[in-house]
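Terminal number for the sequence shown in this note's numbering: 215, no gaps in between.
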Amino acid sequence: MTITAADLVVPYITAREGEEADSLLNLNVRIGPDRRPRLGYKDEAGPDRDLRGVLWARYSMSLGFAGQPTGNPRWRLVHPLRQRITMALLRCQVCTVPLKRSDGILFVETADDGDDYTGPVKTAQPPVCLEHARMAARRCPRLRSQGHVALLATRFPLYGVIGTPYQYTTDGIQPLAASDAPLPYNHPQIDWFLASQLVRELWDYEVVSLNDLAPA
Numbered sequence: 000m001t002i003t004a005a006d007l008v009v010p011y012i013t014a015r016e017g018e019e020a021d022s023l024l025n026l027n028v029r030i031g032p033d034r035r036p037r038l039g040y041k042d043e044a045g046p047d048r049d050l051r052g053v054l055w056a057r058y059s060m061s062l063g064f065a066g067q068p069t070g071n072p073r074w075r076l077v078h079p080l081r082q083r084i085t086m087a088l089l090r091c092q093v094c095t096v097p098l099k100r101s102d103g104i105l106f107v108e109t110a111d112d113g114d115d116y117t118g119p120v121k122t123a124q125p126p127v128c129l130e131h132a133r134m135a136a137r138r139c140p141r142l143r144s145q146g147h148v149a150l151l152a153t154r155f156p157l158y159g160v161i162g163t164p165y166q167y168t169t170d171g172i173q174p175l176a177a178s179d180a181p182l183p184y185n186h187p188q189i190d191w192f193l194a195s196q197l198v199r200e201l202w203d204y205e206v207v208s209l210n211d212l213a214p215a
């Protein structure tokens, strides 16, 4: 199947050209509610932290008509705030419609031979509506080449975040080696973590065929 430029639908969470990360020089040490030092911003505001108190990476937004992202997509990059919003509020990562299926919330993962989907699944992929799940399975190069797994979940608590750990040294605040492994919210180092993706853990779910699901 040939995919033309007109066929492309850019997910809401995809970063765009012109959107840039904030300078790390704005990071500093702040005192948390427990009176212990933690990572913060010099001009920190409420939206810089999630409801669990974790600091999030700042990223500018290029918005056009009706507040929608504009600019050429940077396909391999996810915008931290838009990913956080769609994952936290359970909105489609493509079109942002609220997801209200009576039989569960739909998540689509890249097929992984190492996962048999018999236990909990941690995911940084926000949920997706059925229309755009089917579209992604047909058009997303990664899903087309590696395959996909559709999971219809009924229990999916927030687990933690993906991002970069930091430490305070004699040279100031320094980043440590980052990984794609999610850090749970109850981790002792969470106060020194700069989050860029929100992670849920799917507990009660079933593997489904997108073609067998009825529209909500």
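Where a beta carbon is used, it is the ideal one built from N, C-alpha and C, also for glycine.
- The DSSP-derived three-state label of Pro32 is coil.
- The C-beta of Thr169 has fewer than 16 other C-beta atoms within 10 Å across all chains shown, which makes the residue exposed.
- In this structure, the CA atom of His186 is about 16 angstroms from the CA atom of Pro36.
- Sorting Gly146, Val77, Pro119 and Asp102 by C-alpha distance to the C-alpha of Cys128 places Asp102 at the top.
- At a cut-off of 4 residues, the continuous stretches assigned as alpha helix (DSSP H) that sit fully inside the segment 139-164 are 140-145.
- For Gln196, the uninterrupted beta strand (DSSP E) run begins and ends at Phe192 to Leu201, by DSSP.
- Pairing Leu175 with Pro164, the inter-Cα distance amounts to about 5 angstroms.
- Contact between Arg15 and Met86 fails: their C-beta atoms lie close to 19 angstroms from each other, not under 8 angstroms.
- In the three-state scheme derived from DSSP, where H, G and I count as helix and E and B as strand, Ile189 is classed as helix.
- When C-alpha distances from Asp190 are compared across Glu18, Leu7, Val8 and Leu26, the shortest belongs to Leu26.
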